[in-house]
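Undergrad: One structure follows; several queries about it will come next.
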Amino acid sequence: RTVYIGHKEPPPGAEAYIPQRYPDNRIVSSKYTFWNFIPKNLFEQFRRIANFYFLVIFLVQLIIDTPTSPVTSGLPLFFVITVTAIKQGYEDWLRHKADCSINECPVDVVQQGKLVRTQSHKLRVGDIVVVREDETFPCDLILLSSSRHDGTCYVTTASLDGESSHKVPGLGFFFKISHLISVCMPVYGLQQH
Numbered sequence: 001r002t003v004y005i006g007h008k009e010p011p012p013g014a015e016a017y018i019p020q021r022y023p024d025n026r027i028v029s030s031k032y033t034f035w036n037f038i039p040k041n042l043f044e045q046f047r048r049i050a051n052f053y054f055l056v057i058f059l060v061q062l063i064i065d066t067p068t069s070p071v072t073s074g075l076p077l078f079f080v081i082t083v084t085a086i087k088q089g090y091e092d093w094l095r096h097k098a099d100c101s102i103n104e105c106p107v108d109v110v111q112q113g114k115l116v117r118t119q120s121h122k123l124r125v126g127d128i129v130v131v132r133e134d135e136t137f138p139c140d141l142i143l144l145s146s147s148r149h150d151g152t153c154y155v156t157t158a159s160l161d162g163e164s165s166h167k168v169p170g171l172g173f174f175f176k177i178s179h180l181i182s183v184c185m186p187v188y189g190l191q192q193h
C-alpha cells in the first residue's frame with residue numbers, strides 16, 4: 001500500500017495513481033443505535049435459554065387452555081426483559097458519551113505547512129500528527145521522529161490492553177528532525193527556523 005503524506009498526489013507520469021478510500025477514524029464501541037435498539041435488544045435477550053424458555057411457556061399458556069393464567073409467566077418475563085433493556089440501554093448511552101468524548105479529542109495535524117488543531121475523528125490516512133509528551137492519540141500512528149536525543153519514544157497502551165508498562169514502538173521509519181523537515185518542506189512548504 002502506498003500512502004501519500006498530506007494527501008498529495010504523485011507527480012504526473014510517476015506511477016499509476018488510484019485514490020484510495022479509507023474508513024474514517026471515528027471510534028464506535030456502542031452496540032445499539034436509536035433505530036435498532038428494540039429489535040436487537042429483544043433478539044439478544046431471547047437468545048438466552050432462560051428467557052426463551054419462559055417465552056415458550058407464556059405462548060403455550062396463551063394458546064392452550066391451561067390451569068394457570070398466562071400472567072403468571074408473562075409478567076415476570078416482561079419485568080426481566082424491561083429491566084434488562086433499561087440497564088443495557090443506559091450502559092450503551094454511557095458508551096455513546098465516551099465515544100463522543102474520544103472522537104472530539106483535539107489533535108494537532110500538519111496541513112499545508114501549518115499546525116492545525118482538529119478533532120480526532122477527522123484524521124485521515126496520510127496525516128502527519130504531532131504528539132507531545134503525555135498526550136493521548138486515538139489512532140494507529142507510525143513514528144516518524146522523536147524530540148529525544150536517542151530517538152526513542154515510550155508509549156503506554158493501558159487503554160488498549162490494560163498494561164501500564166511503557167513500550168518502545170518499532171522505529172523502522174525514524175527520521176532525525178532535520179531530515180523530517182527537509183522531507184516535508186517540498187510537500188508542505190515548511191519554513192526552517
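One point on numbering: in UniProt numbering, the residue at position 127 of the sequence shown is 127, and numbering is uninterrupted.
Ideal placement from N, C-alpha and C gives every residue a C-beta, glycine not left out.
1) So R132 is in the alpha helix (DSSP H); what residue range does that whole segment cover?
2) Can you give me the Cβ contacts of Q119 inside the same chain, cut-off strictly under 6 angstroms, excluding the 5 residues immediately before and after it?
3) Once the 5 residues before and after I81 are set aside, which same chain residues still bring their CB inside 6 angstroms of it?
4) Using the Cβ count rule (16 or more neighbours within 10 Å means buried), how would you classify F173?
5) Could you tell me how far apart the beta carbons of D92 and S30 are, in whole angstroms, since I believe they sit closer than 8 angstroms?
6) Check each candidate in V28, R21 and Q61 and name the one with the smallest Cα separation from L94.
7) Determine the direct distance from the alpha carbon of L62 to that of T68, and round the result to whole angstroms.
8) Please go through the same chain and pick out, in chain order, the residues whose beta-carbon is closer than 8 angstroms to the beta-carbon of S98, but skip the five residues on each side of it.
9) Quick check on the burial criterion: 16 or more other C-beta atoms within 10 angstroms. Buried or exposed for C100?
10) Do you know how far the Cα of A85 is from the Cα of Q20?
11) Pull up the distance between the alpha-carbon of G113 and that of V83, whole angstroms please.
12) What's the C-alpha gap between H121 and K87?
TA: Put simply:
1) The sequence position of residue 132 within the sequence shown is 132, counting from 1. Run containing R132: none; DSSP gives neither H nor E here.
2) Sequence index remark: in the sequence shown, residue 119 carries index 119 (1-based). So the list reads E104, once near-sequence residues are dropped.
3) Your numbering for residue 81 matches position 81 in the sequence shown. Excluding residues within five positions, the ones whose Cβ falls inside 6 angstroms are Q45.
4) Within the sequence shown, the letter at position 173 stands for residue 173. Only weak support is given to the placement of F173: the predicted model assigns it a pLDDT of 48, under 50, and the value that follows is read from those uncertain coordinates. With fewer than 16 Cβ atoms within 10 Å of its Cβ, F173 is classed as exposed.
5) Locating residue 92 in the sequence shown gives position 92, where the first residue counts as 1. Locating residue 30 in the sequence shown gives position 30, where the first residue counts as 1. Between S30 and D92 the Cβ distance is about 5 angstroms, and since that is below 8 angstroms, they are a contact.
6) As a first step, residue 94 must be located in the sequence shown, where it is residue number 94. Closest by alpha carbon: V28.
7) Translated into positions along the sequence shown, residue 68 becomes position 68. Translated into positions along the sequence shown, residue 62 becomes position 62. The straight-line gap from Cα to Cα measures roughly 10 angstroms.
8) The residue labelled residue 98 in the question sits at position 98 within the sequence shown. Note that residue 98 is Ala in the sequence shown, not Ser. Cβ neighbours of A98 beyond the five flanking positions: S29.
9) On the sequence shown, position 100 is the one that residue 100 refers to. With fewer than 16 Cβ atoms within 10 Å of its Cβ, C100 is classed as exposed.
10) Against the sequence shown, residue 20 aligns to sequence position 20. Against the sequence shown, residue 85 aligns to sequence position 85. Distance between the alpha carbons of Q20 and A85 is about 41 angstroms.
11) Within the sequence shown, the letter at position 113 stands for residue 113. Within the sequence shown, the letter at position 83 stands for residue 83. Cα to Cα, the separation comes out at about 55 angstroms.
12) Translated into the one-based positions of the sequence shown, residue 121 becomes position 121. Translated into the one-based positions of the sequence shown, residue 87 becomes position 87. So the alpha carbons of these two residues sit roughly 28 angstroms apart.
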